[in-house]
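The structure appears right after this line, and notes come after that.
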Amino acid sequence: MTTETNSQDFETFSYDDKLTKMFVIATLIWGAVALFLGVWIAFELASYKLNLDLPWFTFGRLRPLHTNAAIFAFIGNAIFAGVYYSTQRLLKTRLASDLLGRIHFWGWQLIIVGAAITLPLGISSAKEYAELEWPLDILVAAIWVTFGINFFLTIQKRRERHIYVAIWFYIATIITVAVLYVVNNLAIPVSFMKSYSVFAGVQDALVQWWYGHNAVAFFLTTPFLGLMYYFIPKAINRPVYSYRLSIIHFWSLIFVYIWAGPHHLLYSTLPEWVQTLGVGFSIALWAPSWGGMINGLLTLRGAWDRVRREPILKFMATAVTFYGMSTFEGPLLSIKSVNSLAHFTDWIVGHVHSGTIGWNYMLTSGMIYFMVPKLWNTKLYSERLANIQFWSSTIGLLFYIVSMWAAGITQGLMWRAIDDTGKLVYKDFVETVDKIIPMYWLRAFGGTLVLIGFLILIYNVYKTIKNAPKDQVEEKFKALPLSAVPLDTHGGRHRKLEGLPLLFSVLAFLAILVGSVIELVPSLVSNQFIVMDARVKPYSALEVAGRDVYVREGCYTCHSQLVRPLIEDKLRYGRVSEAAEYVYDRPFQWGSRRIGPDLHRIGKKYGNIWHYRHMLNPREITPLSIMPNYPWLYKNKVKFEVLTKKLSVLAALGAPYSEEELKQAPAMAKAQAKLIIDELIADGVPEKMVNKEIIALIAYLQRLGVDMAEEKKDEVTSTK
Amino acid sequence: MESRLEILNILIPMALFLGSFFVFLFIWATKSGQYDDLDTPSKRMLLEDEVDLKE
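The listed protein sequences correspond, in order, to chains P and X.
For the first sequence, this note's numbering assigns the number 1 to the initial residue and increments by one for each residue that follows.
For the second sequence, this note's numbering assigns the number 1 to the initial residue and increments by one for each residue that follows.
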């Protein structure tokens, strides 16, 4: 079935490559910032002094900035650059709207700047990789939707009927990230920059890790798989090894990925069956992931000499290899017995970086080396520098991964070491910290090599652009419109289906929701999983103020609040945590790492004066501690006035405060502070400290995990 | 807490509703011919668009 086409049937068009260029440059700038922050906080763990005793430099505040910058600023901009570049070419059309593209670009940069200001100030919702407060969350959602609209309109005006597999990966990304982000950040504002999560405790944990895991899946993985399926064939100029496999890869991956979130919550108070489901799907993920990796690597088969010679291919082949490695490690870490050793340790941190640096950073670098000369119509400034970057980054990454494996396994084994008499061998937690300090130095060194590599990339690109011809004209291309492209199958049916990309997207969106909903619904709604216990009472006004300090300082970046049902956890921390204990926790603060010890049973463990001295200078109490000093908590006053508002929001979300407690919140908080200071005065603490944040924080810490320690009274209720 | 149960009334029907779409999605993708040809798309993507030399 061939149709004669006249030359006048052809349409001329150009690509909006200016936008791609802007995103490439943003990638380079924010990449340097994100990596620098990573290196800085790595050194902070090796030497606590680098926290500088300044609030905005402490680990707890900079770590969220590092992760957000790496994911959303560096990798985010890289995704947009690659997606805009490849989509226009694959669909033979210019972007639907230059304007929407510009709004997307500047809006995204604005969000990043907002994050860079608010996170160091401690404005954080304390949910990992979703720390931005609600005004920025709304902006993220709006800009993301702008991106989505422009993208789908572009699909609709395409001149290529078949939607290449890369585009499918982009579609899944756009839709899923939108849903995940919105749901996880649902919160009720207290003020312009403070809100409380609508979910509490276990439910918040489940929503958060459903998001957290899928941020990895749909922000760091699916878009990059799309980019892989475009840039690798292009760079080597041969088709992907198996197109059929790529389609299978796509469908199986998106169907399976969405279920794996609970593997972040093994041995937690999450219902057992949800955990098991998460583990099952995590292990199942191994197959599609490796299918994709093999497909990527086999595309390069028989051309290994070129891979050895050409930096672009070198980066890409390495990226795919690391993708394979980390998707092997991931399912491994989800196996319960492995998880019990590795969870909360630095092994996880190593795992994450073999993904983000090995896979995302490497593919981004290869992609930039591929695009930049084409975009600026010139040649790469130096292949030699590209090679140096490659080696610096690869060696740096190996230092990183190996040191974190060693650190993680060491921690895990030391935490669980029990002698013949059934006692912990390393009773002092800090022993297990001190042991891995050398690993922290090695990791920081590895990270520095990666950063240096990236700076070389920036220089190389800078020189390349500088040497580019000054007058950059938009090239014109020609192609037949979709209506003139012959249909090869089904004849007339296609007419009807033509407007379907949009519909398809809506469907894919719904599809992903199914997995999520099925997994989330039971825990969100079924109260039988959370046996309410009458002994658990909401936090007092002062404790709420203290908890907000805990949230602001990002203590969760170093401390967990979850005693697992494992013998070593019980021996070290005390009674195993129960779901009922968290029902008033907004947000939940289980954390994902134990750089310091678990704090769920810290309440009443020490006297108030212990905490008073420890927070000011942890080394006065524990000489080997690497915890930052918090001198500003002894200067900042508690904002008593806002407590009524805060408690009202919490009450609206279900905390049973009485009218009296709401109205009198500031006064009651002051009264509680008075009790604490009265006790501290005996140890020489000046009375004027009574209204300082440290007192509120102490109140909160002393309350942690104590409610259910008291004898069970008769009136224990199980709601419904 | 009543508020949690209310979520159920929205989410369960949504799950069922979405579930059916899930199946529909598969059928659509294959039936509409997106996957009829799994050989040439991977080769066609390698071709650069034709430059328009008119100007």
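For each residue, glycine too, the CB sits at the ideal point set by N, CA and C.
None of the values given here were measured: they were computed from a predicted structure.
Nearest-angstrom beta carbon gap, residue j and residue i [assumed within contact, 8 Å]
| i | j | result |
| --- | --- | --- |
| Gln-702 of chain P | Gly-603 of chain P | 5 Å |
| Gly-76 of chain P | Trp-108 of chain P | 7 Å |
| Ser-393 of chain P | Tyr-361 of chain P | 7 Å |
| Ile-155 of chain P | Leu-91 of chain P | 6 Å |
| Val-450 of chain P | Leu-28 of chain P | About 14 Å separates the two Cβ atoms, so there is no contact after all. |
Partners in chain X for residue i, counting only beta-carbon separations shorter than 7 Å
| i | result |
| --- | --- |
| Leu-90 of chain P | Met-45 |
| Ile-312 of chain P | Simply none; closest approach about 16 Å. |
Pair within 8 Å by beta-carbon distance, residue i and residue j
| i | j | result |
| --- | --- | --- |
| Asp-52 of chain X | Arg-89 of chain P | no |
| Leu-333 of chain P | His-353 of chain P | no |
| Val-425 of chain P | Leu-624 of chain P | no |
| Tyr-573 of chain P | Arg-593 of chain P | no |
| Ala-444 of chain P | Ala-46 of chain P | yes |
| Leu-616 of chain P | Tyr-630 of chain P | yes |
| Asn-377 of chain P | Gln-472 of chain P | yes |
| Cys-558 of chain P | Phe-59 of chain P | yes |
| Lys-127 of chain P | Pro-469 of chain P | no |
| Leu-285 of chain P | Val-256 of chain P | yes |
| Thr-173 of chain P | Phe-218 of chain P | yes |
| Pro-538 of chain P | Tyr-657 of chain P | yes |
| Trp-168 of chain P | Phe-250 of chain P | yes |
Inter-residue Cα distance where the pair is residue i and residue j
| i | j | result |
| --- | --- | --- |
| Phe-640 of chain P | Ser-289 of chain P | 52 Å |
| Trp-209 of chain P | Val-165 of chain P | 28 Å |
| Tyr-230 of chain P | Ser-86 of chain P | 7 Å |
| His-494 of chain P | Gly-292 of chain P | Below a pLDDT of 50, predicted positions are generally treated as unreliable, and His-494 of chain P, at 40, falls in that range; the measurement from the model is reported next regardless. When rounded, the distance between both Cα atoms is 30 Å. |
| Ala-73 of chain P | Glu-568 of chain P | 39 Å |
| Ser-742 of chain P | Thr-221 of chain P | No answer is possible for residue 742 of chain P: it lies beyond the span of chain P, which begins at 1 and ends at 720. |
| Ile-456 of chain P | Asp-37 of chain X | 43 Å |
| Ala-699 of chain P | Ile-418 of chain P | 33 Å |
| Asn-295 of chain P | Pro-233 of chain P | 11 Å |
| Lys-43 of chain X | Leu-298 of chain P | 15 Å |
| Asp-678 of chain P | Pro-618 of chain P | 23 Å |
| Ala-178 of chain P | Trp-144 of chain P | 7 Å |
| Gly-355 of chain P | Thr-321 of chain P | 10 Å |
| Gly-591 of chain P | Thr-93 of chain P | 46 Å |
| Leu-245 of chain P | Leu-253 of chain P | 12 Å |
| Ala-176 of chain P | Trp-347 of chain P | Sequence check: residue 176 of chain P is Thr here, not Ala. Going from the Cα of Thr-176 of chain P to the Cα of Trp-347 of chain P covers about 28 Å. |
| Tyr-369 of chain P | Ile-312 of chain P | 6 Å |
| Gly-261 of chain P | Val-685 of chain P | 46 Å |
| Val-134 of chain P | Val-140 of chain P | A quick correction: the sequence has Trp, not Val, at residue 134 of chain P. Distance between the alpha carbons of Trp-134 of chain P and Val-140 of chain P is about 10 Å. |
| Tyr-196 of chain P | Val-551 of chain P | 11 Å |
| Phe-477 of chain P | Ala-235 of chain P | 21 Å |
Own chain partners of residue i with C-beta closer than 8 Å, once the 5 adjacent residues on each side are dropped
| i | result |
| --- | --- |
| Val-638 of chain P | Leu-542, Ala-545, Ala-669, Ala-673, Asn-691, Lys-692, Glu-693, Ile-695 and Ala-696 |
| Ile-335 of chain P | Val-279 and Ile-283 |
| Gly-19 of chain X | Only weak support exists for where Gly-19 of chain X lies, its pLDDT of 47 falling under 50; the value from the coordinates is given anyway. Cβ neighbours of Gly-19 of chain X beyond the five flanking positions: none. |
| Val-433 of chain P | Ile-595, Gly-596, Leu-624, Ser-625 and Ile-626 |
| Glu-11 of chain P | Arg-159, Lys-478, Ala-479, Leu-480 and Pro-481 |
Per-residue contacts from residue i into chain X (C-beta, under 8 Å)
| i | result |
| --- | --- |
| Ile-247 of chain P | Tyr-35 and Leu-38 |
| Tyr-243 of chain P | Leu-38, Asp-39, Pro-41 and Ser-42 |
| Pro-233 of chain P | Ser-42, Met-45 and Leu-46 |
| Pro-239 of chain P | Ser-42, Lys-43, Met-45 and Leu-46 |
| Ala-479 of chain P | Asp-49 and Glu-50 |
| Ile-163 of chain P | Gln-34 |
Nonlocal neighbours in the same chain, by C-beta distance under 7 Å from residue i, ignoring five residues either side
| i | result |
| --- | --- |
| Leu-119 of chain P | Arg-61, Pro-64, Leu-65, Asn-68 and Glu-131 |
| Glu-475 of chain P | Ser-14 |
| Asp-9 of chain P | Leu-480 and Ala-484 |
| Leu-35 of chain P | Val-450, Leu-451 and Phe-454 |
| Pro-331 of chain P | Ser-282, Ile-283, Leu-285 and Trp-286 |
| Leu-643 of chain P | Ala-541, Val-544, Ala-545, Ala-665, Pro-666 and Ala-669 |
Cβ shell of residue i (< 6 Å), same chain only, five flanking positions each side left out
| i | result |
| --- | --- |
| Gly-492 of chain P | At Gly-492 of chain P, the pLDDT of 44 sits below 50, so the modelled position is not reliable and the matter cannot be decided from this model. |
| Asn-636 of chain P | Glu-693 |
| Val-190 of chain P | Lys-645, Lys-646 and Val-649 |
| Ser-97 of chain P | Asn-150 |
| Leu-380 of chain P | Pro-373 and Thr-464 |
| Met-22 of chain P | Phe-105 |
| Val-349 of chain P | Met-404 |
| Thr-146 of chain P | Leu-100, Ile-103 and His-104 |
Chain X residues whose Cβ lies nearer than 9 Å to that of residue i
| i | result |
| --- | --- |
| Tyr-630 of chain P | The contacting residues do not exist; Tyr-630 of chain P stays about 35 Å from chain X at best. |
| Ile-167 of chain P | Near Ile-167 of chain P there are no residues of chain X at all, since even the closest Cβ is about 10 Å away, more than 9 Å. |
Residue i at chain C interface by Cβ criterion, 8 Å
| i | result |
| --- | --- |
| Leu-90 of chain P | No chain C appears in this structure, whose protein chains are P and X. |
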